[in-house]
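2 protein chains.
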Amino acid sequence: MKNQSYLLVLLLALISTWGFGQTEGLATVKEDFKPAVTNQPGKEYPQVNSEGRVRARIKAPEAKNVQLDIGGVKYDLVKDENGVWTGESAPQDEGFHYYQLNIDGASVPDPGSRYYYGAVRWGSGVDVPARDQDFYALKNVPHGHVHQILFPSESTNTSRRAYVYTPPGYDTDPSKKYPVLYLQHGFGENETSWPNQGHANLIMDNLIAQGKTKPFIIVMTYGMTNDIEFGKLNEFDITPFQTVLIDELIPYVDMHFRTLANRDNRAMAGLSMGGMETRIITLANPDVFSYVGLFSGGSISPDDLKEHPDFKKNVKLLFVSYGSKELENPGRGPWGDPRKNTEAVKKAGMNTRFYVSPGTAHEFQSWRRSLYQFAPLLFR
Amino acid sequence: MKNQSYLLVLLLALISTWGFGQTEGLATVKEDFKPAVTNQPGKEYPQVNSEGRVRARIKAPEAKNVQLDIGGVKYDLVKDENGVWTGESAPQDEGFHYYQLNIDGASVPDPGSRYYYGAVRWGSGVDVPARDQDFYALKNVPHGHVHQILFPSESTNTSRRAYVYTPPGYDTDPSKKYPVLYLQHGFGENETSWPNQGHANLIMDNLIAQGKTKPFIIVMTYGMTNDIEFGKLNEFDITPFQTVLIDELIPYVDMHFRTLANRDNRAMAGLSMGGMETRIITLANPDVFSYVGLFSGGSISPDDLKEHPDFKKNVKLLFVSYGSKELENPGRGPWGDPRKNTEAVKKAGMNTRFYVSPGTAHEFQSWRRSLYQFAPLLFR
Chain A
1 MKNQSYLLVL
11 LLALISTWGF
21 GQTEGLATVK
31 EDFKPAVTNQ
41 PGKEYPQVNS
51 EGRVRARIKA
61 PEAKNVQLDI
71 GGVKYDLVKD
81 ENGVWTGESA
91 PQDEGFHYYQ
101 LNIDGASVPD
111 PGSRYYYGAV
121 RWGSGVDVPA
131 RDQDFYALKN
141 VPHGHVHQIL
151 FPSESTNTSR
161 RAYVYTPPGY
171 DTDPSKKYPV
181 LYLQHGFGEN
191 ETSWPNQGHA
201 NLIMDNLIAQ
211 GKTKPFIIVM
221 TYGMTNDIEF
231 GKLNEFDITP
241 FQTVLIDELI
251 PYVDMHFRTL
261 ANRDNRAMAG
271 LSMGGMETRI
281 ITLANPDVFS
291 YVGLFSGGSI
301 SPDDLKEHPD
311 FKKNVKLLFV
321 SYGSKELENP
331 GRGPWGDPRK
341 NTEAVKKAGM
351 NTRFYVSPGT
361 AHEFQSWRRS
371 LYQFAPLLFR
Chain B
1 MKNQSYLLVL
11 LLALISTWGF
21 GQTEGLATVK
31 EDFKPAVTNQ
41 PGKEYPQVNS
51 EGRVRARIKA
61 PEAKNVQLDI
71 GGVKYDLVKD
81 ENGVWTGESA
91 PQDEGFHYYQ
101 LNIDGASVPD
111 PGSRYYYGAV
121 RWGSGVDVPA
131 RDQDFYALKN
141 VPHGHVHQIL
151 FPSESTNTSR
161 RAYVYTPPGY
171 DTDPSKKYPV
181 LYLQHGFGEN
191 ETSWPNQGHA
201 NLIMDNLIAQ
211 GKTKPFIIVM
221 TYGMTNDIEF
231 GKLNEFDITP
241 FQTVLIDELI
251 PYVDMHFRTL
261 ANRDNRAMAG
271 LSMGGMETRI
281 ITLANPDVFS
291 YVGLFSGGSI
301 SPDDLKEHPD
311 FKKNVKLLFV
321 SYGSKELENP
331 GRGPWGDPRK
341 NTEAVKKAGM
351 NTRFYVSPGT
361 AHEFQSWRRS
371 LYQFAPLLFR
């Protein structure tokens, strides 16, 4: 199965991010640390310096061993005379990273950070300031709303949660209807990941304020990716989620929000495993979506177009993106090199865009930037 | 200052909840523990038994000392041969409780629980099943939406966050307008506390499905209560929050949601310190609100009515509530016994309701029940 080999590649990408091993030699640490923007209100730690090092601090007077576990590396903290442990990581890529503390063998969230869902748990996250962080900053511009909705799902016999971004102006002009982007998280994440660490709403607010994108609605729901164990990803079956999305969520959104409820005004995108879901679902449903975004989640090959001729006919834009550090590894799945694939598909007559996020890996900064690049191309 | 003595009483109430000291003798523990509903997806611990005991478990092979810290008491956990620590608390009141783990002197969130904002931090919470939990359960009924909004605030020079519950039907009948309840959290909490641990949206969904309440909008924002230190609560000044609420948030909500924008269709309620805020703001603004709810947050005395004659004239309902365990302590602030006060105010001609939550203290189960009792009385 192609999908299975693809999943193994995704798994390798995840492992390279969540990481193993590595040690760092002695290094001079630049003493310009500031509290991370992702901290809890009033908390001084963790801090980040201009090199992108993360410094953790926690009081644990009786502990023998405290570590900061970030980017797949465990950094030892050092105890002072008051029982307070402090230490810092090697420089991290700019953008958002999941992390945790290890206290005498217990892996726990850092009480200083806010908590994010990713790596299959609610736990600590830290944002390393990025040169381009302005595009997802909270600014004095009109803000859209992020609705938490609970939509009925017969197929799963429950009410399922989704977040729906409506752009500024949605509430003040009741005659206007909007296109919709369905936007999926990756493995280990959930429907909160795009609105929280992804800042999907702020990215849109800022783009709209600058007139760079058409206003549209974004719908983010749980892709049911975590219900199987990490080691059994190749057993993932798209059918349950495809049913929820196509048969339940889209009709609910079209009934409860002022949408332009047709193919020309419907997009789907996803990151990592959400990209794989987007790929499978949009290839199989070319009557439903006209714009497709795969963020670090595979590509479409000329063979795919042969197998799914309506995809080429109906899809107005295929957007494929990766973090530059992801592309350093040769081979991105059974469909081959994503850039070459995307070029070949373009030659075959599709409107495509290939974007590379500079200096980032399989992490959220690549995906924030991907959304920022993707949104202005939609519904034109 | 009356407000200052009142705040000291609130502080005592909080201390009695967050607690100090206490130990428990040997007890037989009923072995019918089940994972808490507040756990992270897939996490087996913490668990709760039918007595309301909370059992925590964490792997910490190198630790010397691990404790469960709940209800103001620290319970020692015991290590097994695999380095896994397990132990349980004394029976807790039914409903929601903040807690944490202590690992060799470090106070950290339990990686098994979901995280809630309360006690001035994002941290662990656990729900002890209550006999009446059905009223805030997620059911197969039409669900309203909870909007995260970012509203401009000139007085604080930022975009401030609020959550807005719109009832089922809000999106499908664009001609209908709704009354609004402004609902405040307590000290140490924030705007997420009512929609998360308070289940304000599910309480409303269920009441509306049963035809027990008129559908209305609920607005929950940060009451700016935590910006001062716990020990300096008596320095709290209502002015900044009152400005945000009256001059900025209410106009924003009335512009962006289909509200009935008048006094008769506007209510304010709050819990604990949010009750105190409600009390001060509604006494000072009787032209703005017609329904007032004080949940474990003081009462209105006949003297207040003399000082604020328009309050009596304009307010159609004064609702005062407490957990029964709170009332065991004599004296509930400088305005005296809340039940006697409320009776006196009723005699003076006001429409009042006094509610006591059975078997609960200064915690969220008292306030979930208070909202459940209060909502059906509004906008009649």
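So the sequences go chain by chain: A and B.
All residue numbers for the first sequence refer to the working numbering, where the first residue is 1 and numbers rise by one.
All residue numbers for the second sequence refer to the working numbering, where the first residue is 1 and numbers rise by one.
Every residue gets a Cβ at the ideal spot worked out from N, C-alpha and C, and that includes glycine.
Nothing here was measured: the structure is a model prediction, and the numbers come from that model.
| Asked | Found |
| --- | --- |
| Proximity below 9 Å, CB of H143/A to CB of N201/A | yes |
| Chain B contact residues for Q47/A, given Cβ-Cβ distances below 9 Å | Simply none; closest approach about 18 Å. |
| CB contact below 9 Å: P111/A versus chain B | yes |
| Contact the stretch 38 to 46 of chain B vs the stretch 103 to 120 of chain B: 3+ CB pairs below 8 Å | yes |
| Inter-residue spacing [alpha-carbon to alpha-carbon] between R339/A and P35/A | 38 Å |
| Chain-ordered neighbours of P174/B on chain A, where CB pairs are closer than 7 Å | P174 |
| Top-ranked residue by Cα proximity to S80/A, from A60/A, E94/A and S124/A | A small correction: the amino acid at residue 80/A is Asp; Ser does not occupy that position in the sequence shown. The shortest Cα separation from D80/A among A60/A, E94/A and S124/A belongs to A60/A. |
| Chain A within 9 Å of Q22/B, Cβ atoms only | The predicted position of Q22/B is uncertain, since its pLDDT is 43 and thus under 50; no value can be drawn from it. |
| Any 3 or more C-beta pairs closer than 8 Å across the stretch 168 to 180 of chain A and the stretch 204 to 221 of chain A | yes |
| Proximity test, Cβ basis, 9 Å: K139/A and chain B | yes |
| Enclosing alpha helix (DSSP H) for T278/B [first to last residue] | M273 to A284 |
| Cutoff 9 Å: E248/A Cβ touching any chain B Cβ | no |
| Length of the line joining the Cα atoms of P109/A and T172/A | 41 Å |
| Buried or exposed (CB count within 10 angstroms, at least 16 for buried), E427/B | Chain B is shown from 1 up to 380; residue 427/B falls before or after that span and cannot be answered. |
| Cβ neighbours of L317/A in the same chain (closer than 6 Å, five flanking residues each side left out) | Y291, N351 and L377 |
| Nearest-angstrom beta carbon gap, S301/A and V320/A [assumed within contact, 8 Å] | No, V320/A and S301/A are not in contact; Cβ-Cβ is about 11 Å, not under 8 Å. |
| Test item: CB-CB of Y222/B and E191/B under 9 Å | yes |
| Neighbour list for R368/B in chain A, Cβ cutoff strictly below 8 Å | Under the 8 Å cutoff, chain A gives no residues; its nearest Cβ is about 18 Å from R368/B. |
| Boundaries (first-last residue) of the beta strand (DSSP E) holding P251/B | No beta strand (DSSP E) contains P251/B, which is instead part of the alpha helix (DSSP H) from I250 to H256. |
| Cross-chain neighbours of Q210/A in chain B, by beta carbon under 8 Å | Within chain B, no residue comes near Q210/A; the closest Cβ sits about 17 Å away, beyond 8 Å. |
| Stretch pair the stretch 150 to 168 of chain A + the stretch 158 to 167 of chain B: three plus CB contacts closer than 8 Å | no |
| Neighbouring residues, chain B, relative to Y115/A (Cβ below 7 Å) | Y115 and W122 |
| 8 Å contact criterion, which K139/A and N206/A should meet: CB distance rounded | 6 Å |
| Buried/exposed call for G21/A, threshold 16 Cβ in 10 Å | Here G21/A scores only 38 on pLDDT, less than 50, and its place in the model is too uncertain to base an answer on. |
| Of the residues L371/B, D304/B, F289/B and A130/B, the one placed nearest Y322/B, counting alpha carbons only | L371/B |
| Residues that DSSP places opposite Q47/B in a beta bridge | P35/B and R55/B |
| Partners in chain B for F135/A, counting only beta-carbon separations shorter than 8 Å | Correct list: empty, because the minimum Cβ distance to chain B is about 16 Å. |
| Residues of the stretch 252 to 281 of chain A whose Cβ lies closer than 9 Å to any Cβ of chain B, in chain order | M255, H256, F257 and R258 |
| Proximal residues to K422/B (C-beta, below 7 Å), its chain only, five neighbours per side dropped | Absent from the model: residue 422/B. The displayed extent of chain B is 1 to 380, so no value can be given. |
| N-terminal and C-terminal residue of the alpha helix (DSSP H) that R114/B is part of | First-last for R114/B: undefined, no H or E at that position. |
| Cβ of M220/B within 9 Å of any chain A Cβ | no |
| For G83/A, the three-state DSSP class (helix, strand or coil) | coil |
| Within-9 Å CB hit, F151/A to chain B | yes |
| Residues of the stretch 57 to 68 of chain B with Cβ closer than 8 Å to any Cβ of chain A, in chain order | I58, K59, A60, P61, E62, A63, K64, N65 and V66 |
| Proximity test, P91/A beta-carbon vs the ligand FMN heavy atom, cut-off 8 Å | For the structure depicted, the ligand FMN is absent and the ligand set is empty, with no information on it obtainable. |
| Residue-level contact to chain A via CB, S321/B, 9 Å cutoff | no |
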